[in-house]
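Read top to bottom, the protein sequences are chains H and Z.
If you want this note's numbering, it's the 1-based position in the first sequence plus 19.
If you want this note's numbering, it's the 1-based position in the second sequence plus 221.
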Amino acid sequence: MTLSEIANGKLAPRTGIKLDNISKRYGDHIVLDDVSLHVEPGTVTALIGPSGAGKSTFLRCINLLERPDSGTIQVAEHTIQPGKDVNARDLAALRRTVGMVFQSFNLFPHMSALKNISFPQQKVLGRSREEADERSMQLLERVGLKEKAGQHPGRCSGGQQQRIAIARALALDPGIMLFDEPTSALDPEVGLEVLAVMRELAADGMTMIVVTHEMQFARDVSDTLVVMADCKIIEQGDPRAVMSDPQEARTRRFLRAVLER
Amino acid sequence: MTWLTEWVGYLPQMMSGLGVSLLIAGISILFGYPLGLGLSLMVTAKNLAVRTLGLAVVEIGRGAPALVILYLFYYGLPKFGIAFESVTAACLALTWNSAAYSSEIMRAGLQSVARGQQEASNALGLSQRVTFFRVIMPQGMRSAIPGLMGVAIQVFQGTSLAYGIAVPELMKTAYNIGSQDFNYLQIFTLAGLCYAVISMPATWITVFFEKRMARHT
């Protein structure tokens, strides 16, 4: 079985997501200025751009870790307008559909790797402990960490922790996975382990949105490259096309900085 | 050697006094910790009224000496027709005291839990209840353990204040024995030793926990 087949049980239908006119400000400070992004089911979208562009905030708006001031989020059959009251059922449905991986892993340090993956399944999906553990072990094996099941996160390397975190998110059968700079806290070599898992996931057809500074990954793996700067999306398209022939001066400047170093 | 033989003679009475002290301390801690947790949540609540009430209870509990609260419960409240037995009054006052102090330690512990833990729980779709009791609290309480054990020792020693309202605890027992044959030096030395015999191992355990936790983080 492939990673996302395991993740989705029986190849759940791919989920796309439509974000329209998302705006967010902290006081007078605008962070996102009317940003729209449509992600087709089964595609990988890489979000790049200079720091402070709003990439992470935008990603965190998708599952409402940040609450946008206005805009519309359409995911599966749910339409959510975060500027207005979001009821608990819509929020729960949104978060069930969308999995997230953080830069700092955010594993639960007081639980073993296995428990980290099983506990949310039991609480969110109501799986029995045996069911959950079985799924967790499959996922751990798939990310190459079966032998770490009983270890606490503190005993795992950063790359191992991030792979456990990916398994934890996959265990809830998400239709979409969000990655917020998943390798930025890792040594370059260790980051490769994580990127390998992500490549595999992408190859299996998981819908992914990835905020990243890994240009190689963005070029090789993503279907759409989205460049953000100054709280907006300034350019998007086929990653090779955007990288070899950027249309915007700001994109050119950014790409020169990251590619020619 | 005469001291030793005297001490052996005093010991049965002293042990019963120590029992009362431990009982009061035990009850005050047993109720004080959960109340402290409640207060720590009140103090960090969004609702202003809840927060103000929590803050008032905590600040009075920490601001006023335990003896003052003790006297208020025992001598003050009868004015409103509420009268407690001396042991009950001592338990109530020390419960308030330990709740107030432990609430601040727990609040600090809870707030020390990394923000990412809450975010990850939200992203996974865990409910607020599950997130608090299974993710935040276990981590926050872990770092609060040494402080909470300190409060327990402090409460145990604080039971000596109940002497002031004639509770037959360790201090009162010692004083009574001393006033019979004026062997104050011997009897209060023994009383001090009794407190130390309980408090010092407790301190060692606290230090042990601190070291253990430093190793694991």
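In this text, a Cβ means the ideal position worked out from N, Cα and C, and glycines have one as well.
Exercise. Can you give, in chain order, each stretch of the beta strand (DSSP E) that sits fully within the region 139 to 223 of chain H and has at least 3 residues?
Worked result: Entirely contained in the region 139 to 223 of chain H, the beta strand (DSSP E) runs reaching 3 residues are, in chain order, 195 to 199.
Problem set entry | Own chain residues within Cβ distance below 7 Å of Z/THR427, not counting five before or after | For this step, residue 427 of chain Z is matched to residue 206 along the second sequence. Within the same chain, Z/THR427 has close Cβ partners PRO367, MET370 and GLY371.
Exercise. Of all the CB atoms in chain Z, is at least one closer than 7 Å to the CB of H/ARG238?
Worked result: Here residue 238 of chain H corresponds to residue number 219 of the first sequence, with the count starting at 1. Chain Z contact via Cβ: absent.
Problem set entry | From H/VAL277, H/LYS251 and H/ARG272, residue whose alpha carbon lies closest to that of H/PHE77 | On the first sequence, position 58 is the one that residue 77 of chain H refers to. The candidate whose alpha carbon is nearest that of H/PHE77 is H/LYS251.
Exercise. For Z/ASN268, which residues from the same chain have a beta carbon less than 8 Å from its beta carbon, with the 5 sequence-adjacent residues on both sides left out?
Worked result: Mapped onto the second sequence, residue 268 of chain Z falls at position 47. For Z/ASN268, where only same-chain residues beyond five positions count, there are no Cβ hits under 8 Å.
For this session: Determine the DSSP secondary structure at H/ALA268, reduced to helix, strand or coil.
Result: Here residue 268 of chain H refers to the residue found at position 249 of the first sequence. Reduced to three states, the DSSP call for H/ALA268 is helix.
Problem set entry | H/ASP104 - DSSP class collapsed to helix/strand/coil | Counted from its first residue, the first sequence places residue 104 of chain H at position 85. H/ASP104 falls in the coil class under three-state DSSP.
Exercise. Between the C-alpha atoms of Z/GLY275 and Z/ILE248, what's the straight-line distance to the nearest angstrom?
Worked result: One-based indexing of the second sequence puts residue 275 of chain Z at position 54. One-based indexing of the second sequence puts residue 248 of chain Z at position 27. Between the alpha carbons of Z/GLY275 and Z/ILE248 lies a gap of roughly 22 Å.
Exercise. How many whole angstroms separate the CB atoms of Z/VAL334 and Z/GLY361, which I take to be in contact at a CB cut-off of 8 Å?
Worked result: The sequence position of residue 334 of chain Z within the second sequence is 113, counting from 1. The sequence position of residue 361 of chain Z within the second sequence is 140, counting from 1. Right, their Cβ atoms sit about 5 Å apart.
Exercise. Whose C-alpha, out of Z/ILE408, Z/GLU227 and Z/LEU244, is nearest the C-alpha of Z/VAL308?
Worked result: The residue you call residue 308 of chain Z lines up with position 87 of the second sequence. With distances taken between Cα atoms, Z/VAL308 lies closest to Z/LEU244.
Problem set entry | CB contact below 7 Å: H/SER123 versus chain Z | In the first sequence, counting from the first residue as 1, residue 123 of chain H sits at position 104. Among the CB atoms of chain Z, one or more fall inside 7 Å of the CB of H/SER123.
For this session: Quick one: grab the DSSP three-state call for Z/GLU280.
Result: For the purposes of this step, residue 280 of chain Z is taken as residue 59 along the second sequence, with counting starting at 1. Helix.
Exercise. Could you give the residue range of the alpha helix (DSSP H) that holds H/GLU96?
Worked result: Counting from one through the first sequence, the residue named residue 96 of chain H turns up at place 77. Note, H/GLU96: premise wrong, no alpha helix (DSSP H); not H, not E.
Problem set entry | chain Z contact for H/LYS103 (CB, 7 Å cutoff) | The residue given as residue 103 of chain H occupies position 84 in the first sequence. Not closer than 7 Å to any Cβ of chain Z, the Cβ of H/LYS103 fails to qualify, so no.
For this session: Kindly list the residues whose CB is nearer than 7 Å to the CB of H/GLU59, restricted to its own chain and excluding five residues on each side of it in sequence; keep chain order.
Result: Along the first sequence, one-based indexing puts residue 59 of chain H at 40. Closer than 7 Å at Cβ, skipping near neighbours: GLY35.
Problem set entry | CB contact check: H/LEU78 to chain Z, cutoff 7 Å | Looking up residue 78 of chain H in the first sequence gives position 59. At a cut-off of 7 Å, the C-beta of H/LEU78 has no neighbouring C-beta in chain Z.
For this session: Give the secondary structure of Z/LEU225 by DSSP, where H, G and I count as helix, E and B as strand, and everything else as coil.
Result: Translated into the one-based positions of the second sequence, residue 225 of chain Z becomes position 4. Three-state DSSP puts Z/LEU225 in a helix.
Exercise. What residues from chain H crowd round Z/ALA344, counting only those whose CB sits closer than 7 Å?
Worked result: Here residue 344 of chain Z corresponds to residue number 123 of the second sequence, with the count starting at 1. What Z/ALA344 touches in chain H, judged by beta-carbon distance under 7 Å, is ASN82, LEU84, ARG114 and MET119, going in chain order.
Exercise. Along the chain, where does the alpha helix (DSSP H) that runs through Z/GLY396 open and close?
Worked result: Mapped onto the second sequence, residue 396 of chain Z falls at position 175. A small fix is needed here, since residue 396 of chain Z is Tyr in this sequence, not Gly. Bounds of the alpha helix (DSSP H) holding Z/TYR396 are 391 to 402.
Exercise. When the cut-off is 7 Å and only beta carbons count, does H/VAL143 lie next to chain Z?
Worked result: Residue mapping note: residue 143 of chain H aligns to position 124 of the first sequence, counting from 1. Yes, H/VAL143 lies at the interface with chain Z (some Cβ there is under 7 Å from its Cβ).
For this session: Using only alpha-carbon positions, find the residue among H/ASP52, H/GLY61 and H/HIS57 that is nearest to H/GLY71.
Result: As a working mapping, residue 71 of chain H is identified with position 52 in the first sequence. The shortest C-alpha separation from H/GLY71 is found at H/ASP52.
Exercise. Using a C-beta cutoff of 7 Å, does H/HIS129 count as contacting chain Z?
Worked result: On the first sequence, position 110 is the one that residue 129 of chain H refers to. Chain Z contact via Cβ: present.
Exercise. Apart from the five residues on each side of it in sequence, which residues of its chain come closer than 6 Å, Cβ to Cβ, to Z/VAL271?
Worked result: Numbered from 1 along the second sequence, position 50 holds the residue referred to as residue 271 of chain Z. Closer than 6 Å at Cβ, skipping near neighbours: MET263.
For this session: Answer with yes or no whether the minimum CB distance from Z/LEU260 to chain H is below 7 Å.
Result: Translated into the one-based positions of the second sequence, residue 260 of chain Z becomes position 39. So no, Z/LEU260 is outside the interface.
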